[in-house]
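Engineer:
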Amino acid sequence: MAGVDAGNTAWVLLSAALVLLMTPALGFFYGGLVRRKNLANTIMACFATVALVSVQWVLWGYSLAFGPDKMGLIGGLEWLGLNGVGLEPNPDYAETIPHQAFMIFQGMFAIITPALIIGAVVERIRFGALLLFIILWAKFVYDLIAHWVWASGGWLSNLGALDFAGGTVVHINSGVAALATALVLGRRLGYGTTSMEPSNVTYVVLGAVLLWFGWFGFNAGSALSAGMQATAAFVTTNTAASAAALAWMVMSWLHRGRASIIGTASGAIAGLVAITPAAGFVNVLGALTIGFGAGVLCYLAVMLRSRLKIDDSLDVWGIHGIGGTWGAIATGIFADPAVGGAAGALYGNAAQVLVQLTAVGVTWAYSFTATLAILKLLDKTVGLRVTPREEMMGLDLTQHAETAYS
Amino acid sequence: MAGVDAGNTAWVLLSAALVLLMTPALGFFYGGLVRRKNLANTIMACFATVALVSVQWVLWGYSLAFGPDKMGLIGGLEWLGLNGVGLEPNPDYAETIPHQAFMIFQGMFAIITPALIIGAVVERIRFGALLLFIILWAKFVYDLIAHWVWASGGWLSNLGALDFAGGTVVHINSGVAALATALVLGRRLGYGTTSMEPSNVTYVVLGAVLLWFGWFGFNAGSALSAGMQATAAFVTTNTAASAAALAWMVMSWLHRGRASIIGTASGAIAGLVAITPAAGFVNVLGALTIGFGAGVLCYLAVMLRSRLKIDDSLDVWGIHGIGGTWGAIATGIFADPAVGGAAGALYGNAAQVLVQLTAVGVTWAYSFTATLAILKLLDKTVGLRVTPREEMMGLDLTQHAETAYS
Amino acid sequence: MAGVDAGNTAWVLLSAALVLLMTPALGFFYGGLVRRKNLANTIMACFATVALVSVQWVLWGYSLAFGPDKMGLIGGLEWLGLNGVGLEPNPDYAETIPHQAFMIFQGMFAIITPALIIGAVVERIRFGALLLFIILWAKFVYDLIAHWVWASGGWLSNLGALDFAGGTVVHINSGVAALATALVLGRRLGYGTTSMEPSNVTYVVLGAVLLWFGWFGFNAGSALSAGMQATAAFVTTNTAASAAALAWMVMSWLHRGRASIIGTASGAIAGLVAITPAAGFVNVLGALTIGFGAGVLCYLAVMLRSRLKIDDSLDVWGIHGIGGTWGAIATGIFADPAVGGAAGALYGNAAQVLVQLTAVGVTWAYSFTATLAILKLLDKTVGLRVTPREEMMGLDLTQHAETAYS
Amino acid sequence: MKLIQAIIRPEKLDDVKKALKSIGCGGLTVYEVRGRGLQEGISWIVRGHEYRIDMLPKLKLEVIVEDDEVERVLETIKESSKTGEIGDGKIIILHVEDAVRIRTGERGRKALK
Amino acid sequence: MKLIQAIIRPEKLDDVKKALKSIGCGGLTVYEVRGRGLQEGISWIVRGHEYRIDMLPKLKLEVIVEDDEVERVLETIKESSKTGEIGDGKIIILHVEDAVRIRTGERGRKALK
Amino acid sequence: MKLIQAIIRPEKLDDVKKALKSIGCGGLTVYEVRGRGLQEGISWIVRGHEYRIDMLPKLKLEVIVEDDEVERVLETIKESSKTGEIGDGKIIILHVEDAVRIRTGERGRKALK
Ligand SMILES: Nc1ncnc2c1ncn2[C@@H]1O[C@H](COP(=O)(O)OP(=O)(O)O)[C@@H](O)[C@H]1O
Ligand SMILES: Nc1ncnc2c1ncn2[C@@H]1O[C@H](COP(=O)(O)OP(=O)(O)O)[C@@H](O)[C@H]1O
Ligand SMILES: Nc1ncnc2c1ncn2[C@@H]1O[C@H](COP(=O)(O)OP(=O)(O)O)[C@@H](O)[C@H]1O
């Protein structure tokens, strides 16, 4: 076992298990936020995404994203079916763990990113169309951006963009795609006139809690070894989540006179999103600032979105798009060389902010355009939306002939 | 700490924690599938099994299963009360972790195996009789088969049977026992005439998700060290679960016109079952095949079971019995020496299939017969079933005087 | 990375993640036990505590608890905002993991301790007052006692008191504070005359299960390295929880004629509490005794509490106060030098019992008095209780304008 | 017009639905209730203390029918929901003064059609 | 025969059940509802905007009784479910034209026995 | 006095509540039901086998009103809960013989005030 370290391997594999848990956790987070007639469908959408993208990832996804670089743009097909992706470490990615451990850890990120978009399409998308969308989006959007930012040879990576655990690749990417999706799909029937209250606050919290728990794997696991940087990422993750939860709680309290539970849970997620690109680079005071900022900014973004009457139903754009953008920029500001070796504007390297802005801009532009294209294609061919009658009856019954609970 | 490796110990202990979580997770999986009047009882049955078998395991179970071998058939009583099972590694089982770490990891398997059988007896067994059954079954069935297959000196182990994480010991064993149990116990009142719809699909998914999460500990933890084989097992586990979930989803879609949520969750479990014996031996393409096969075969087994009108209520036989059988045989076919050192038929060692068939046959035969004997005994002495009135009122109220939720 | 061991760091960070999960798990455990109109509020109280204490801990809590000792009584302010708490190991606390890993692991204990008290105030405390109480209690009670028992230089630590993972600091402390709180706050409206049945038994079990799962991090993680002592703590934890669950189950069966589900879950928690101070010091037979003892004693304590008509609504005192006291004393009796190096009365060191009694007595006295003082202050200034009308309407609606589920 | 309310066992719903459909009676409304009757429930005694469970889960089924259909519907529900065990439930008939179909505003007989 | 429907506070169920039992009235059916009355609920104002909560959880209790028992049952429910605070609820009486016991097919008075 | 029972779509509750409030009708009680109507539901066929879903979630809304308010309330509920699609639901009117306010013991008209 030359080169494989047991401590680091245990760390990365368990982190992968934690990240796996996040996607179904998202199902409960999202599921609790929709009306009961669509609760099981929402959970199912996330669950099926796990299965679908897992298979896609070992067949071709990993090869496209991390395979031998072609001009900085995409990975080659050399690693199809994990051909050549073995148990020996691949020093390009991680020196002390089996290559497949890196592969499966990355696979979990490939799963959750398209799943995040589900928050924008709930309660009205055909289940079959959703699966098609996810498989196409994984291939034409996720795998590419992942390559650019994280693969050895990716062009944004070469530019020096900092993205510790996926602020651009995962969060901006899914958040902006969600915006495009909400625009193409249109509003839910009765949006703005009928009440669409969340049906299960306890599931929202359950989901948020499991997401928080899994996020330790997501962020601290991204150090790919269990040492100082992982520890730093763990601490900043917990701190930013807490600060953002408090910030959103206070905002809701001031604004509506009551401390919102859903708001506090959403705030925690916003903080986790924002710290994601920064986790292994900033110190604890940076994390506090990023967290508080995320709580306030995402709260405002959600207010704005609702003013604009765009039915990004569960605010994927407001939380992941804006939270990710804020985090990516803040990484360029607060990166402390004592933590992860990279310096941000506060530590004399103002140029980093520009690099971060470039990565942010590129991700926004590409994700928005490519998502739009995929959706238009699907809408023209298979059709995206259920019929009005199905929408009124709810997706649990019409898509699955099952109900959440009775 | 001569010989104890921190990485491997962390790995095995955390894997044990993950496997512990599986039994209550099974409670939610099973609980969601029964009618609401029996939901809390079903969860309780699994929870109580954790407590009961945990105590049994440290008192005598571990000694019987893994204690000094007596003629390949059973462990001796030398290790009663963990006497002599200390913190130094036992090189017979695992060289780099404390002996007690191995013991407790194995204990979690001893817990979940009888708990799996609960799926065949729900909604009609007396709670006290169930506890008695579990304690007897653990002793006379589980501890023995575990000894044969896994203990140093066990006769099936000497034969060269491959069972990475419990295809025979855990899944065939419990699945076949479930069949015997369903036959002895008889059908639920109103079976086939009244509707017995699952009452909580979200709990089914929650349970399935936590089972999947825990299964990483179950399978990858069975490598007993955090290295290449653990990584391989982790990857094959995730892949097979996903493939089987997709396969079952598609089967239900074709067959009933809707993508079933419960079906997809069941498919994932079927895949996890089937990959269990193979996890550390096959490559990712083997895992895909085993997974797809499990999804299809177990779907058909469940159909068949329902045709035969055997009330194995939650299809333990169809999923664990058949999934485990398929997995055990498939291990003999697909085992890739590059992964775990053992070769199957595809790699030139056709004889392995015969060995596997032997282990499968022995487990079927012994488990079926011994389970039948225990049940007949209990039925004659204490009585297994609740009264018809109690059955109609539900086990939550009649066995515990509590209800699931209101 | 001189001195940082990957295996141990992975172990402690993952243990910290497990302990983090415990506080929201407690929310579900407690939430299931209250009436439905207060279910979301109870979950929220625990969730908000995570955010609140996390921020407090990095700002000043850690410095007060573990900062440079001042006369054995309290830590200095040198480490405010984690100033000087870096990524290099601090050999005073743990030699092989980053100092921040120790800090965050300890932070999770600081979170759950005040959260435990919530069980005594549910269904009637103003949400704002609760947050104030928690922040003050964390500072003036938790941080101090943690310093005395665990900080290098703390006076109880110097005395030689054994508290492996928080029997005094966490459990007696919160349990006694809960008693004080229940006395100051008074009974719920209609206590003793109207029915206050738990509304969700499945959440009680879900919470208990996740607590059990997290407790492996709590106890075995407290070894601060993944080796023999961690293994011992893991095994004793699982054993005591199981024994206590069985004991309580049997007590409820004998006493009320039915095996109570809530009782079995409560028993498991009682066992986990009692083994907490002892986990790394006793052998498995000691753990069995401690567990069975906890099941019986806490059951009796709960009966007594209900006779006295003190509305410690969810029996924090009966389970954590009494369970912790029993565990702390039992540690002095059963500590086996072969496990953790310390000897108890059974191994010839009767004096240890006296030391334990001192630590217990000090914690009871200080926690009770200081909690009383804080509560009186808050009651006089901001007011602790909601209005009777709010109490009748339920805290979900009146404090958060949200409901648990519909 | 009459409103027929039946309290039945939850597991009998499918049978009743099928039976009603077969006599051409499509519309119905159902919800979960808990009930206790005169005799049903179980009790047990532990050291002199009696414990009782009496509130059991039932379904309530409501059908609005024309006067002349009452007997047929009544009979159908009764037959299809009967097990013969205590706890089968009750059916009652209430008088309905008028009915409206929300979609069209039709009233009386037409609201049901 | 009459159907007495009472909307009560959830925490009062036990008291009402006990009280009904004590006057020999065993049968009853209960389910969860949410209600708003004329005055109850709470409201608060944040920067000029008013927020209101008005739908509160209640229980609905139904008892089928003989005509001559109506007053006694009414009184019993009223006394045992009263707190004197706003929101205690209402009781109404509906006329029942006939009743059937599913198990036996008995009708009218006999269905209740 | 009359009891108006309306079966409506769950998403229409807010509209109905607002509309009722606006005509000064504050008190109401609501609960979840599932229903099937004459036409609504969906069905699909797989290899000759027909599958059907017919029980859909609805809300039942109950308002106790004075006789002279019946028409206004009826109209208000109808208008505010209508979508024009099949499945909008029904409203029925039952006669109430008497009403009691639990808190005060007032009866009849006064119980509603
Ligand atoms: N007097 C009553 N008023 C209201 N509901 C009743 C009454 N009697 C019975 N019920 C309802 O009918 C159900 C079955 O009644 P029960 O007396 O147990 O059975 P049976 O009708 O077979 O004698 C009860 O659970 C309850 O919901
Ligand atoms: N006009 C009405 N129609 C239907 N239900 C009503 C009506 N008025 C009150 N209720 C029900 O009675 C409950 C209590 O009524 P409320 O007016 O708040 O109290 P009180 O009767 O003490 O004045 C309400 O929550 C609602 O469920
Ligand atoms: N005859 C009936 N008895 C009881 N409830 C009915 C009846 N007919 C309809 N309903 C209820 O009304 C709801 C809507 O009725 P439906 O016939 O689907 O729509 P519409 O009234 O627009 O034709 C149903 O879901 C059911 O709850």
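Chains as they are written, first to last, in the numbering used here: chain A, 1 to 406; chain B, 407 to 812; chain C, 813 to 1218; chain D, 1219 to 1331; chain E, 1332 to 1444; chain F, 1445 to 1557.
Every residue gets a Cβ at the ideal spot worked out from N, C-alpha and C, and that includes glycine.
(1) Is the stretch 1416-1433 of chain E close to the stretch 1487-1504 of chain F, with three or more CB pairs under 8 Å?
(2) Alpha carbon to alpha carbon, what distance is there between residue 1216 of chain C and residue 1340 of chain E?
(3) Which residues, in order along the stretch 1376-1390 of chain E, keep a beta-carbon less than 9 Å from a beta-carbon of chain A?
(4) Note down, in chain order, each residue of its chain lying with its Cβ closer than 8 Å to the Cβ of residue 1560 of chain F, except the 5 sequence neighbours on either side.
(5) Give me whichever residues DSSP pairs with residue 1501 of chain F in a beta bridge.
(6) Any chance the stretch 657-677 of chain B sits against the stretch 702-719 of chain B, with 3 or more Cβ pairs inside 8 Å?
(7) Work out the CA separation of residue 1482 of chain F and residue 189 of chain A for me, nearest whole Å.
(8) Tell me whether residue 1256 of chain D counts as near ligand 1, meaning its Cβ is closer than 7 Å to at least one heavy atom of that ligand.
(9) For the structure I just gave you, are there three or more beta carbon pairs, one from the stretch 752-766 of chain B and one from the stretch 718-728 of chain B, closer than 8 Å?
(10) Beta carbon of residue 1387 of chain E: closer than 7 Å to some heavy atom of ligand 2?
(11) Please say whether residue 181 of chain A and residue 145 of chain A have beta carbons closer to each other than 8 Å?
(12) Using 8 Å as the Cβ pair cut-off and three pairs as the minimum, do the stretch 439-456 of chain B and the stretch 1032-1039 of chain C touch?
(13) Determine, for residue 861 of chain C, whether the minimum Cβ-Cβ distance to residues of chain A falls below 8 Å.
(14) To the nearest angstrom, how far is it from the Cα of residue 1252 of chain C to the Cα of residue 875 of chain C?
(15) Comparing C-alpha positions only, which one of A/116, A/399, A/335 sits nearest to residue 179 of chain A?
(16) Compare the C-alpha of residue 1026 of chain C against each of C/826, C/818, C/831 and name the closest.
(17) So which residues on chain I does residue 853 of chain C lean against when the C-beta distance must stay under 8 Å?
(18) Please state the DSSP three-state secondary structure of residue 1383 of chain E.
(19) Return the chain-ordered list of same chain residues with a C-beta closer than 8 Å to the C-beta of residue 744 of chain B, the five sequence neighbours on each side being excluded.
(20) How would you list, in chain order, the residues of chain D whose beta-carbon sits under 7 Å from the beta-carbon of residue 1069 of chain C?
(21) Would DSSP call residue 1121 of chain C helix, strand or coil?
(22) Select from the stretch 1512-1545 of chain F all residues with a C-beta closer than 7 Å to any C-beta belonging to chain E, and list them in chain order.
(23) Contact between the stretch 448-458 of chain B and the stretch 653-661 of chain B is defined here as three or more beta-carbon pairs at a separation below 8 Å; is this criterion met?
(24) Leaving out the 5 sequence neighbours to the left and right, which residues in its chain are closer than 7 Å to residue 239 of chain A when beta-carbon positions are compared?
(25) Thinking C-alpha only, which one of C/1039, C/903, C/962, C/1066 is nearest residue 1267 of chain D?
(26) For a test of your reading of the model: does the CB of residue 1546 of chain F fall under 7 Å from any non-hydrogen atom of ligand 2? Yes or no.
(27) Any idea what DSSP makes of residue 1432 of chain E, helix, strand or coil?
(28) Work out the CA separation of residue 1472 of chain F and residue 387 of chain A for me, nearest whole Å.
(29) Tell me whether residue 1 of chain A sits in a helix, a strand or coil according to DSSP, three-state version.
(30) Is it the case that the CB of residue 123 of chain A approaches a heavy atom of ligand 2 more closely than 7 Å?
(31) Rounded to the nearest angstrom, how far is the Cβ of residue 1139 of chain C from that of residue 1085 of chain C, given a contact under 8 Å?
(32) Against residue 1323 of chain D, what residues of chain F qualify as contacts under a CB-to-CB distance less than 7 Å, listed in chain order?
(33) What are the residues that DSSP puts in a beta bridge with residue 349 of chain A?
(34) With DSSP as the reference, please indicate the residues paired to residue 1313 of chain D in a beta bridge.
(35) Along the chain, where does the alpha helix (DSSP H) containing residue 668 of chain B start, and where does it finish?
(36) Put residue 916 of chain C into one of helix, strand or coil per three-state DSSP.
Structural biologist: This is what the structure gives:
(1) Under the Cβ criterion (8 Å, minimum of three pairs), the stretch 1416-1433 of chain E does not count as touching the stretch 1487-1504 of chain F.
(2) A straight line joining the alpha-carbon of residue 1340 of chain E with that of residue 1216 of chain C spans about 18 Å.
(3) Residues 1376, 1377, 1378, 1380, 1382.
(4) Summary: the structure shown does not reach residue 1560 of chain F, with chain F confined to residues 1445 through 1557, and so no result is reported for it.
(5) Bridge partners of residue 1501 of chain F: F/1478.
(6) Yes, the stretch 657-677 of chain B is in contact with the stretch 702-719 of chain B.
(7) Those two C-alpha atoms are separated by around 24 Å.
(8) Of the heavy atoms belonging to ligand 1, at least one sits nearer than 7 Å to the Cβ of residue 1256 of chain D.
(9) Result no; under three Cβ-Cβ pairs closer than 8 Å.
(10) True, at least one ligand heavy atom lies under 7 Å from that Cβ.
(11) No Cβ-Cβ contact shorter than 8 Å links residue 145 of chain A with residue 181 of chain A.
(12) Flag = no, the stretch 439-456 of chain B and the stretch 1032-1039 of chain C do not touch.
(13) Against chain A, the CB of residue 861 of chain C has no partner CB under 8 Å away; the residue lies outside that interface.
(14) Any question about residue 1252 of chain C goes unanswered here, given that chain C covers just 813 to 1218.
(15) If we check each option's Cα against that of residue 179 of chain A, A/116 comes out closest.
(16) Among C/826, C/818, C/831, the Cα nearest to that of residue 1026 of chain C belongs to C/831.
(17) In the structure shown, chain I cannot be found, because the protein chains are A, B, C, D, E and F.
(18) Here residue 1383 of chain E sits in strand by DSSP.
(19) Around residue 744 of chain B: 689.
(20) Close partners of residue 1069 of chain C in chain D (Cβ separation under 7 Å): 1262, 1264, 1269.
(21) Reduced to three states, the DSSP call for residue 1121 of chain C is coil.
(22) Cβ contacts with chain E: 1538, 1539, 1540, 1541, 1542, 1543, 1544, 1545.
(23) Taking 8 Å as the limit for Cβ pairs, the verdict is that the stretch 653-661 of chain B does not touch the stretch 448-458 of chain B.
(24) Around residue 239 of chain A: 284, 287, 288, 291.
(25) Minimum Cα-Cα distance from residue 1267 of chain D among the listed residues C/1039, C/903, C/962, C/1066 corresponds to C/1066.
(26) In this structure, ligand 2 has a non-hydrogen atom nearer than 7 Å to the beta-carbon of residue 1546 of chain F.
(27) Residue 1432 of chain E falls in the strand class under three-state DSSP.
(28) One C-alpha to the other measures close to 33 Å.
(29) Here residue 1 of chain A scores only 41 on pLDDT, less than 50, and its place in the model is too uncertain to base an answer on.
(30) For ligand 2, not one heavy atom lies less than 7 Å from the Cβ of residue 123 of chain A.
(31) Between the beta-carbon of residue 1139 of chain C and that of residue 1085 of chain C there is about 6 Å, and that keeps the pair under the 8 Å contact cut.
(32) Within 7 Å Cβ-Cβ: 1522.
(33) Its beta-bridge partners do not exist; DSSP assigns none.
(34) Note: residue 1313 of chain D sits in a beta bridge opposite D/1220.
(35) Bounds of the alpha helix (DSSP H) holding residue 668 of chain B are 667-681.
(36) Looking at residue 916 of chain C - three-state DSSP - the assignment turns out to be helix.
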